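**Q** After the structure tokens below, expect a handful of questions from me.
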Amino acid sequence: MESRSACVFGIDRSLSGKAWRWRGGNMDLSDRVGSGPAGLEDDIVTQLLLSRGVPREDLERHRNPSLRAFLPDPSAFRDMDAAAERLAQAVMTDETVTIYGDYDVDGATSAALLILLLRALGHQARYYIPDRLLEGYGPSGEALVRIAAEGSSLIVTVDCGAMAHEALDMAHQAGVDVIVVDHHKCSPTLPRASALVNPNRLDEDDLAASHGHLAAVGVAFLLAVATVRTLRKRGYFESRREPDLFALLDLVALGTVADVAALHGLNRALVAQGLKVMARRDNIGMAALIDASRLGRAPTCSDLGFALGPRINAGGRVGESTLGVRLLTTTDPEEARDIAAQLSRLNDERRAIEQAVQEMAEAEIERQHNRSVLVCAGEGWHPGVIGIVAGRLKEKTGKPALVIALGADDAGNGKGSGRSIPGVDLGAAIIAAREAGLLEAGGGHAMACGLTIAPDKLEALSEWLDERLAADISAASANRHMLLDLALTPGGLVPSLVETLESAGPYGMGWPGPRVAVGPVRIVKADVVGADHLRLIVSGPDGGRFKAMAFRAAETDMGQALLHAAQGRKLWLAGRAKIDDWGSRPAAELHLDDAAFYD
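Heads up: the sequence shown begins at 1 in UniProt numbering, then just goes up one per residue.
Have a look at this one:
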């Protein structure tokens, strides 16, 4: 147990079992009764940036992240110039081009971006999105050969292809050129392609490798920049307008956030600028998606991950895999509304399927308390939701989790999806497991992976992952603290504070949203709303009163303590400060991560 003197407010074990520590410097404003951020806006934002790793001499560049400040020269990436030259040649000679995308949000936005780019260049591209259940992840050789036979002389794979050695060999033998645009982990030997653009190539230089956090849609945007530059050099725009590449940034923002890519450096700039583009509602399909999500305002970063992204994903998970690309590239408002409504219905269906699989998976992991990596498998589990369930298990247990749908292909193999915790590279482990002969196929990146496994190798994989990752998981778990950015009295939780905190965003993976501690408070009312959400009304001695929400927490130890053991006792609450705009006037509320007794 940590020394109480090293912990914020002496909290060495909260209701969720964590010690509270400052993320950066001490920003305890709780001694300023009724204090808001008045006069402290610059100091708060500066501290938020510093605590997220920004050097003091680089603060101004990060206050308002722009592409001009963060966009690298695309030519820094291996094969980028070759890819741009080949794509530019296809445009100028009017070749038939097919964009082959993955079925998730990153794949859909990457494919849509290149389709819209080529359309703006006067070229109509075809697209192909594989069916998750029938074809699985990544390009299949049969599909590539069929696309070639239908007339395409160039195929661009997006968000897939980095490990598709056999499929790309078949494409080469069929005489079709393939450009791979990906961000997943690569093996030392690369598949055969006209160009393979991926910042996670093992042979990348330091500058390109430093952008390994890009989602595939970010890499696709860099290819768009390089292609336009190549066409400009060739005089293609002497008689036509150049496309507005900034107009594509709403797609980049959506794919980046939905793929849980780290939001620092270039990604943060792409998302910050993409949210501005999204607010203009220029993309007809994106506007319909926003409306179907019932957002009465411009989307925020969290909306991309929790409202827009899941709807696009629902098409690939439990519906028709092409729906996302069709929506994001349509020019027909009526078609856009129809597809967005269909995706919303599929998302509701996905939630029901996910709940059923999660209950069965949780029953499986009850027998795995000693495992460092949770591996659960079941017959009849829908492969479209296993990634979401893995994420839920990871959040609930604090351990990397793999969820495997058995009998998912004709050979009886299991299709699996995994989610990891910070500090544990699950993608690299899965690639190593495949090379060790434990998997039929597999790959991914640090925080997520996919795999195909024969049922008789499940136990061997579990033991192998435990042995390989136990030390990393132990170290990562030992460093789990509840990190705080700011402490306030209840009266200080006001809308102006929320606006100040949000100005250092957008927030997401790798650029965590600021966590605020508020106290002391007493619970005025506590109840359960929805399926498993805890709602609190609290007040403090300074007269401050606010609502706090703890999502999916009613059955947790913390939730039960707040419902039953905290009545009449003083508390500290910790979480994200948000705006509640349901009432006549906007009010600040707290989305709860943790709580601790004050006395």
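For every residue, glycine included, the Cβ atom is placed at its ideal position computed from N, Cα and C. Note that the coordinates shown come from a computational prediction; the quantities given were computed from them, not determined experimentally.
Buried or exposed: Val-180, going by 16 or more other Cβ atoms within 10 Å of its Cβ?
**A** Counting from 1 along the sequence shown, the entry for residue 180 is found at position 180. Buried, because 16 or more other Cβ atoms sit within 10 Å of the Cβ of Val-180.
**Q** Quick one: residues in its chain with C-beta nearer than 8 Å to the C-beta of Asp-472, no 5 flanking neighbours on either side, listed in chain order?
**A** Start at 1 with the first residue of the sequence shown, and residue 472 comes out as number 472. So the list reads Gly-423, Val-424, Asp-425, once near-sequence residues are dropped.
**Q** Would you say the stretch 123-136 touches the stretch 317-335, given that touching needs at least three Cβ pairs under 8 Å?
**A** In short, these stretches touch, since the Cβ pair count reaches three.
**Q** In angstroms with no decimal places, state the Cα-to-Cα distance between Pro-514 and Val-373.
**A** One-based indexing of the sequence shown puts residue 514 at position 514. One-based indexing of the sequence shown puts residue 373 at position 373. Answer to the nearest angstrom: the Cα atoms are 29 Å apart.
**Q** Tell me where the beta strand (DSSP E) around Lys-525 begins and ends.
**A** The residue you call residue 525 lines up with position 525 of the sequence shown. Its beta strand (DSSP E) spans residues 516-529.
**Q** Is the CB of Ala-429 under 8 Å away from at least one CB in chain B?
**A** Reference to chain B is not applicable here, since this structure consists of a single protein chain.
**Q** Would you mind giving the Cβ-Cβ distance between Glu-354 and Val-389, rounded to the nearest angstrom? I have them listed as a contact below 8 Å.
**A** The residue given as residue 354 occupies position 354 in the sequence shown. The residue given as residue 389 occupies position 389 in the sequence shown. So it is a contact: roughly 6 Å between Cβ atoms.
**Q** Under a three-way DSSP split, which group does Phe-9 fall into?
**A** As a working note, residue 9 is residue 9 in the sequence shown. Phe-9: helix per DSSP, three-state reduction.
**Q** Just reading off the alpha helix (DSSP H) that Val-389 is part of, what are its end residues?
**A** Counting from one through the sequence shown, the residue named residue 389 turns up at place 389. Looking at the DSSP string, the run of the alpha helix (DSSP H) that includes Val-389 is 386-397.
**Q** Is there contact between the stretch 478-494 and the stretch 441-451, where contact requires at least three CB pairs shorter than 8 Å?
**A** These segments do not touch.
**Q** Pairing CB atoms from the stretch 213-231 with CB atoms from the stretch 245-254, are three or more of them under 8 Å?
**A** They touch, by the three-pair rule.
**Q** Below 6 Å CB to CB, which residues in the same chain sit around Asp-581 once its five sequence neighbours on both sides are set aside?
**A** Taking the sequence shown and counting its residues from 1, the one referred to as residue 581 is at position 581. Taken in chain order, the list of residues that qualify is empty.
**Q** For Ala-433 and Asp-410, I'd like the C-alpha separation in whole angstroms.
**A** Residue numbering aside, residue 433 sits at position 433 when the sequence shown is read from its first letter. Residue numbering aside, residue 410 sits at position 410 when the sequence shown is read from its first letter. The alpha-carbon atoms of Ala-433 and Asp-410 are separated by roughly 22 Å.
**Q** Output needed for His-591: all residues of its chain with C-beta closer than 6 Å, excluding positions within five of it in sequence on either side, in chain order.
**A** Locating residue 591 in the sequence shown gives position 591, where the first residue counts as 1. Hits under 6 Å: Met-549, Gly-575, Arg-576, Lys-578.
**Q** The beta strand (DSSP E) that contains Trp-464, what's its start and end?
**A** Translated into the one-based positions of the sequence shown, residue 464 becomes position 464. Looking at the DSSP string, Trp-464 is not in any beta strand (DSSP E); the run it does join, the alpha helix (DSSP H), is 458-478.
**Q** Taking the alpha carbon of Gly-235 as the reference point, which residue from Leu-275, Ala-88, Ala-76, Lys-394 has its own alpha carbon closest?
**A** Mapped onto the sequence shown, residue 235 falls at position 235. Looking at the Cα atoms, Ala-88 is the closest of the given residues.
**Q** Alpha carbon to alpha carbon, how far is Thr-500 from Pro-541?
**A** Translated into the one-based positions of the sequence shown, residue 500 becomes position 500. Translated into the one-based positions of the sequence shown, residue 541 becomes position 541. In a straight line, the C-alpha of Thr-500 is about 24 Å away from that of Pro-541.
**Q** Put Ser-35 into one of helix, strand or coil per three-state DSSP.
**A** Along the sequence shown, one-based indexing puts residue 35 at 35. Residue confidence for Ser-35 is low, a pLDDT of 47 falling below 50, so the modelled location carries little weight; the figure read from the coordinates is stated next. Here Ser-35 sits in coil by DSSP.
**Q** Taking the alpha-carbon of Asn-313 as reference, which of Val-257, Gly-412, Asn-283 has the nearest alpha-carbon?
**A** As a first step, residue 313 must be located in the sequence shown, where it is residue number 313. The candidate whose alpha carbon is nearest that of Asn-313 is Val-257.
**Q** So, at 6 Å on beta carbons, what are the nonlocal neighbours of Arg-392 in its own chain, with the 5 sequence-adjacent residues on each side left out?
**A** Translated into the one-based positions of the sequence shown, residue 392 becomes position 392. If we look at Arg-392 and ignore the five residues flanking it on each side, its Cβ neighbours are Gln-358.
**Q** Looking only at its own chain, which residues have a Cβ that is under 7 Å from the Cβ of Ile-284, when we skip the five neighbours before and after it?
**A** Translated into the one-based positions of the sequence shown, residue 284 becomes position 284. Within the same chain, Ile-284 has close Cβ partners Thr-330, Thr-331, Pro-333, Ala-336.
**Q** Rounded to whole angstroms, what's the CA-CA distance from Gly-53 to Gly-412? Just pull it up for me.
**A** The count along the sequence shown starts at 1 and reaches residue 53 at position 53. The count along the sequence shown starts at 1 and reaches residue 412 at position 412. Roughly 47 Å separates the two Cα atoms.
**Q** Give every residue of the same chain whose Cβ lies closer than 8 Å to the Cβ of Leu-295, excluding the five residues on either side of it in the sequence, and list them in chain order.
**A** As a working mapping, residue 295 is identified with position 295 in the sequence shown. Taken in chain order, the residues that qualify are Asp-303, Ala-307.
**Q** Note down the Cα distance separating Gly-34 from Ser-477, rounded to an integer number of angstroms.
**A** The count along the sequence shown starts at 1 and reaches residue 34 at position 34. The count along the sequence shown starts at 1 and reaches residue 477 at position 477. Note that Gly-34 has pLDDT 45, beneath the 50 cutoff, so the model's placement of it is unreliable and the number below is only indicative. Taking the straight line joining both Cα atoms gives about 36 Å.
**Q** For Pro-520 versus Tyr-598, is the C-beta spacing smaller than 8 Å?
**A** Residue numbering aside, residue 520 sits at position 520 when the sequence shown is read from its first letter. Residue numbering aside, residue 598 sits at position 598 when the sequence shown is read from its first letter. Contact flag set, yes.
**Q** Can you give me the Cβ contacts of Val-277 inside the same chain, cut-off strictly under 7 Å, excluding the 5 residues immediately before and after it?
**A** Stepping through the sequence shown from its first residue, residue 277 is reached at position 277. The residues are Phe-246, Ala-247, Leu-249, Asp-250.
**Q** Have a look at the DSSP bridge pairing and note the partners of Tyr-127.
**A** In the sequence shown, the residue the question calls residue 127 occupies position 127. DSSP output for Tyr-127 lists Ile-99 as bridge partner(s).
**Q** Taking DSSP's pairing of strands, which residues face Trp-22 in a bridge?
**A** In the sequence shown, residue 22 corresponds to position 22, counting from 1. DSSP output for Trp-22 lists Leu-484 as bridge partner(s).
**Q** With distance defined between alpha-carbon atoms, name the residue in Arg-68, Val-228, Gly-530 nearest to Leu-266.
**A** Position 266 of the sequence shown, counted from the first residue, corresponds to residue 266. Looking at the Cα atoms, Arg-68 is the closest of the given residues.
**Q** Tell me, which residues are paired with Thr-452 by DSSP?
**A** The residue labelled residue 452 in the question sits at position 452 within the sequence shown. Paired residues: Lys-415, Ala-441.
**Q** Quick one: give me the first and last residue of the alpha helix (DSSP H) that Thr-109 is part of.
**A** Position 109 of the sequence shown, counting from 1, holds the residue named residue 109. Taken as a continuous stretch (DSSP letters only), the alpha helix (DSSP H) holding Thr-109 covers 105-120.
**Q** Put Gly-559 into one of helix, strand or coil per three-state DSSP.
**A** What you label residue 559 is simply residue 559 of the sequence shown in a count that begins at 1. Helix, per DSSP.
**Q** Determine the contact status of Ala-111 and Val-325, defining contact as a CB-CB distance below 8 Å.
**A** Residue 111 sits at position 111 when you count from the first residue of the sequence shown. Residue 325 sits at position 325 when you count from the first residue of the sequence shown. Going by C-beta atoms, Ala-111 is nearer than 8 Å to Val-325.
**Q** According to the Cβ coordinates, are Ala-167 and Gly-151 closer than 8 Å?
**A** Taking the first residue of the sequence shown as position 1, residue 167 is located at position 167. Taking the first residue of the sequence shown as position 1, residue 151 is located at position 151. Cβ atoms of Ala-167 and Gly-151: not closer than 8 Å.
**Q** Skipping 5 residues on each side, what residues in its chain have a beta carbon closer than 6 Å to that of Ala-171?
**A** Here residue 171 refers to the residue found at position 171 when the sequence shown is read from its first residue. Closer than 6 Å at Cβ, skipping near neighbours: Leu-144, Val-178.
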